[in-house]
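Residue 65 in this note's numbering is what sits at position 23 of the sequence shown, and the numbering runs on without skipping anything.
In this text, a Cβ means the ideal position worked out from N, Cα and C, and glycines have one as well.
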Amino acid sequence: MGDMANSSIEFHPKPQQQRDVPQAGGFGCTLAELRTLMELRGAEALQKIEEAYGDVSGLCRRLKTSPTEGLADNTNDLEKRRQIYGQNFIPPKQPKTFLQLVWEALQDVTLIILEVAAIVSLGLSFYAPPGEESEACGNVSGGAEDEGEAEAGWIEGAAILLSVICVVLVTAFNDWSKEKQFRGLQSRIEQEQKFTVIRNGQLLQVPVAALVVGDIAQVKYGDLLPADGVLIQANDLKIDESSLTGESDHVRKSADKDPMLLSGTHVMEGSGRMVVTAVGVNSQTGIIFTLLGAGGEEEEKKDKKGKQQDGAMESSQTKAKKQDGAVAMEMQPLKSAEGGEMEEREKKKANAPKKEKSVLQGKLTKLAVQIGKAGLVMSAITVIILVLYFVIETFVVEGRTWLAECTPVYVQYFVKFFIIGVTVLVVAVPEGLPLAVTISLAYSVKKMMKDNNLVRHLDACETMGNATAICSDKTGTLTTNRMTVVQSYLGDTHYKEIPAPSALTPKILDLLVHAISINSAYTTKILPPEKEGALPRQVGNKTECALLGFVLDLKRDFQPVREQIPEDKLYKVYTFNSVRKSMSTVIRMPDGGFRLFSKGASEILLKKCTNILNSNGELRGFRPRDRDDMVRKIIEPMACDGLRTICIAYRDFSAGQEPDWDNENEVVGDLTCIAVVGIEDPVRPEVPEAIRKCQRAGITVRMVTGDNINTARAIAAKCGIIQPGEDFLCLEGKEFNRRIRNEKGEIEQERLDKVWPKLRVLARSSPTDKHTLVKGIIDSTTGEQRQVVAVTGDGTNDGPALKKADVGFAMGIAGTDVAKEASDIILTDDNFTSIVKAVMWGRNVYDSISKFLQFQLTVNVVAVIVAFTGACITQDSPLKAVQMLWVNLIMDTFASLALATEPPTESLLLRKPYGRDKPLISRTMMKNILGHAVYQLAIIFTLLFVGELFFDIDSGRNAPLHSPPSEHYTIIFNTFVMMQLFNEINARKIHGERNVFDGIFSNPIFCTIVLGTFGIQIVIVQFGGKPFSCSPLSTEQWLWCLFVGVGELVWGQVIATIPTSQLKCLKEAGHGPGKDEMTDEELAEGEEEIDHAERELRRGQILWFRGLNRIQTQMEVVSTFKRSGSVQGAVRRRSSVLSQLHDVTNLSTPTHAILSAANPTSAAGSES
């Protein structure tokens, strides 16, 4: 990878290079020097630092910074550093301009057909055939002249063009506002990201973008490094560099072996301090982004060349590109205001087959393609029937010959037929669907922000509505994460509250204070409260805060002890991790010996204790029998009160016997127990209610925690996760593994299936157990439908489980960067109740889409049948092209806005989840759609055939070309629109509820749209005239139209009375795509096809057209994929280059193959 980064300097804009020369600007290093330094690794890097700067502190001096005090916080200095070394910001890709979006909307196939038809119609209307022959052409243009209307022939063409422009502008505006929202969300996510630096000797949290070269940054477990740097001091630091190198093994970093830290990598263990040496575009991540920026335009061109060459173009240039792509596709941008998150999701899709299309999108695509096909067939039949009828009527029945001078007249007829056909198609294709989905999701995401859910991936919100299981952490999610020591066991005495300092032997007290103060991260402290009377602020690890609080309660202070032994004097630190479940620190004693302090889970540490301090502070032997006594008498009672028990111990090594520090088991053994403390973490008051709501909504809540089983069980009972008298399981990690693994130690799904349905609490679990459980529930086939699992996590080790889950929730406050990266939704208040809100919003999205579908399909069915039969019987569609476009606008754009923005209600939590296989259109909805369609068709056909008698007006049937609009057809159009408006109100309820007005005023958007549409309709009818083919109506006629419209509401009640169960004949529609139907290339196609929300916000309709067009491309695609050897290859080139994913363990092998092919050095690692 070094050579790749080397080549990148040429990509840099040249002015930068010239600035390099006088660049030192008072600093001892130039930008180019630092860049070359950061390309080295390991021993080479150390050698270079020694040659150039002496050591790291020499480098700090050159950068005018202090390794301990950091930079002086002065704005001029910081500004100067930004000018010389750049800002920590990677410039985003330019957003699409409004005009580009308009151009994209114009690409819509149906619109193009309409535009062509309109232009042909316009052209023909200006060509007037010579007058005398007009008799010879039959009564074709008869009746037009008397009104002098012939000149108005151009109006229809112009009106169609106008309405096309309308549709395009509305679409483009929607896309534009959607993109703006994404960017807003993106920048919000970025502002949330802070990093700890030392300035003026003070620890500060600064936004990642504010980091400058020369800053001294604290790195700790769980951080995502925002800039490149060189280590000054480290404790047991391990980094996951897979996002840069593809090696999944953790790399051990230390100031004397490998001090180079790179941006975009994850800290997996330990802590340390580094001096920042490269930021933004000059950091390793930035360099790769610059390369990609240069490659981005070519990527897009390549995109357009079609899939066939895509597979075949394996020239050397593409190979090089592939290498950059492969490295960069997992890169984490520091700051990319592009929807980086969105693409990351897409990337997840490419890598993990598990995130198939979102359930809803799968169902919608399938449905839309079916409807599109039906529409295409109907419109084709319409055109064919019209043309045949006209030809037979004119040339066979009337026996005319085709005269050359009559051609334009005939062509005009054909164009008119063609326009009618296209109009049928326009109305049949539900292009409002993607719009409705997007609006609904975008609206929900915006509102969910207020409910403390920061949604990173749009469809997580809808998946959440289907959730059937939630695996939640205990600490911080179900509990307040404000820990306090409430019980302790010191010097043979069990204290139920904090002991008085005088009651303890000075020796014990002193050892305890030192053991707690030194053996905890120095970044953890307790600060005075911000407001009078508030609780002291806890900063850092909450368990350690509880222990430090215990020291303060014993009237001692931890700060002087830490000042006496500063962090760089610590001899060796074994940091806490999920395997050890303990933390140990070694210090050098004045006499040359060593003392080790250790703290950790009591049952684990007590096994390593051989002595214990008695009441006088003297050592007393601690045998296994004593330990069992202690567990029974002290630890279990504490745990049953819901306390976490922590053991604090120490060990002395004499001056002569320095152990082998790398042999951890040897070192941390033979300990002397100082104390056991019980830490209380109270349950959040609102949690029991939230869990009750989940259970009522058919969601099982399971608690997965690293705590002792008794503690976990006590908390679970307080929360209501387990109820007395229920049949449930509470297991420890060990027991869980014993039950699910066979003799060979492999996990067996059927064994898991015996365990998980009853499992409610999993205690002492490792991150792997969490992942196993989630995977087991998702892969299980025991229930009637696949489980949809949500998981909460905050630690770095929760990453795999968060990724595996259908929806991963990361903690906004306590969560590490790694967890946030792997998650779909970030809980900004770490509170379980926010998850319940997410469920409510998710179900609401699903319902909104269903409401819209119910409305849309009724209009589709009616409009298509009316246009079709009307055309076949009267040779002219009762609804004109422009009117159809208006109807299309109401029912697509406006209705999707109105119905997709319904706010959720608590009643959504009273039903069971829909599940993955439940069809979008339930039987009740199908009953409503068909019922209303019957009513509307009956009315319209009555009006069409006997309306003129009823209203006593001229019949509009069989009117010649260009005749003025008739009242008859205007009434039909008006009635049709009125019925749609009132049916929109019916569509607000989809479960067969009676009261359709319920909560209508809580949705101002809905009311505005319905009233607005009504207003515009009045204007169109009364003043639309020729372009809209309308003639003004009298008040009485208007009242009749309204009356028929209101009839929709009455009819709705009639339909609601018919029990759905009686209608066995009704089929449901819009099932999710079955497993067997979705082949690989379908998935790959679907990948770019359906993510309308993320995929550069593509226009929805292209999707339907592609759906129709799909079969022919399929064969080519299959062969291309076979040639290119990996599905990913093609998908990746299509999905955005900025895609990122850090957990290389989740990458599937094809991608690895690309990586290794391009980058032989990492081949061995990436296959491991």
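Nearest candidate by alpha-carbon position, reference residue i, set the options
i	options	result
Ile291	Ala297, Lys299, Ile281, Asp97	The amino acid occupying residue 291 in the given sequence is Asp; Ile does not appear at that position. Asp291 has its Cα closest to that of Ile281, out of Ala297, Lys299, Ile281, Asp97.
Lys800	Ala832, Asp848, Ala759, Val743	Val743
Pro268	Phe237, Ala470, Lys295	Phe237
Ala759	Arg781, Glu722, Ile789, Val803	Val803
Ser640	Arg665, Gly663, Lys614, Gly634	Lys614
Gly825	Gly998, Asp959, Glu785	Asp959
Asn658	Asp552, Ile607, Ser644, Val581	Asp552
His974	Phe987, Val904, Tyr485, Gln129	Val904
Met491	Asp871, Asn656, Phe460	Asp871
Ala416	Val451, Phe437, Val469	Val469
Asp595	Asp534, Gly634, Val527	Val527
Thr522	Ala563, Gln580, Thr935	Gln580
Close-in-space but distant-in-sequence residues of the same chain around residue i (CB under 7 Å, 5 per side omitted)
i	result
Met882	Pro946, Leu950, Leu951
Leu101	Ile91, Tyr95, Val272, Val317
beta-carbon residue i near the ligand NAP non-hydrogen atom, thresh 7 Å
i	result
Asp278	The model on display carries no ligand, and the ligand NAP is accordingly not part of it.
Whole-number beta carbon distance between residue j and residue i, since they are thought to touch under 8 Å
i	j	result
Val603	His556	6 Å
Val162	Val433	Not really, about 19 Å apart at Cβ, beyond 8 Å.
Pro133	Ile274	In fact, because the Cβ distance is near 30 Å, the residues do not count as touching under 8 Å.
Ile1064	Ile1013	Note that residue 1064 is Gln in the sequence shown here, rather than Ile. No, Gln1064 and Ile1013 are not in contact; Cβ-Cβ is about 13 Å, not under 8 Å.
Val901	Val924	Going by Cβ atoms, the distance from Val901 to Val924 rounds to 16 Å, so no, they are not a contact pair.
Thr424	Phe1039	Their Cβ separation, rounded to whole angstroms, is 38 Å, which puts Thr424 and Phe1039 out of contact at 8 Å.
Neighbourhood of residue i by C-beta distance below 8 Å, restricted to the same chain and skipping five residues each side
i	result
Gly1087	Thr1017, Met1020, Met1021, Leu1023, Phe1024
Leu303	Val261, Leu267, Asp270, Gly271, Val272, Leu273, Ile281, Lys295, Met316
Leu164	Trp196, Gly199, Ala200, Leu203
Leu577	Arg524, Pro571
Gln829	Thr510, Ala511, Ile819, Ile820, Ser822
Leu483	Leu500, Asp501, Cys503, Glu504, Val887, Ala1135
Met1036	It should be pointed out that residue 1036 corresponds to Arg in this sequence rather than to Met. Counting only Cβ-Cβ distances below 8 Å, and skipping sequence neighbours, we find Gln1095, Ala1098.
Straight-line gap, residue i to residue j (C-alpha atoms, nearest Å)
i	j	result
Glu777	Arg667	23 Å
Ile877	Ala861	16 Å
Lys538	Ser530	7 Å
Val369	Thr78	Summary for Val369: the model assigns pLDDT 33, below 50, so the residue's position carries little reliability; its value from the coordinates is reported in the next sentence. Those two C-alpha atoms are separated by around 19 Å.
Thr585	Met525	6 Å
Asp723	Thr517	8 Å
Ile629	Ile716	17 Å
Glu678	Lys549	27 Å
Arg637	Asp683	34 Å
Thr505	Gln223	20 Å
Asp257	Val239	7 Å
Asp300	Thr617	19 Å
Val729	Phe600	34 Å
Leu1139	Pro1069	Reliability of the predicted coordinates at Leu1139 is poor, the pLDDT of 34 falling under 50, and the value obtained from them is presented with this limitation in mind. Answer to the nearest angstrom: the Cα atoms are 33 Å apart.
Ile646	Thr307	32 Å
Ala754	Thr747	7 Å
Ile721	Ile688	8 Å
Leu655	Tyr956	59 Å
Gly24	Arg598	Residue 24 lies beyond the residue range present for the chain, which begins at 43 and ends at 1210; the question has no answer from this structure.
Val816	Ile782	13 Å
Met672	Thr519	30 Å
Thr107	Thr480	50 Å
Val833	Gly642	26 Å
Val797	Asp811	13 Å
Own chain partners of residue i with C-beta closer than 6 Å, once the 5 adjacent residues on each side are dropped
i	result
Gly1094	Asn1028
Gln978	Val904, Met1021
Handout entry: Any 3 or more C-beta pairs closer than 8 Å across the region 927-943 and the region 1046-1061
Key = Short answer: they touch.
Exercise for the section: Determine contact between the region 492-501 and the region 733-749, defined as no fewer than three beta-carbon pairs at a distance below 8 Å. Expected result: No, they do not touch.
Handout entry: Segment contact, 8 Å Cβ cut-off, at least three pairs: the region 963-973 with the region 905-916
Key = Result no; under three Cβ-Cβ pairs closer than 8 Å.
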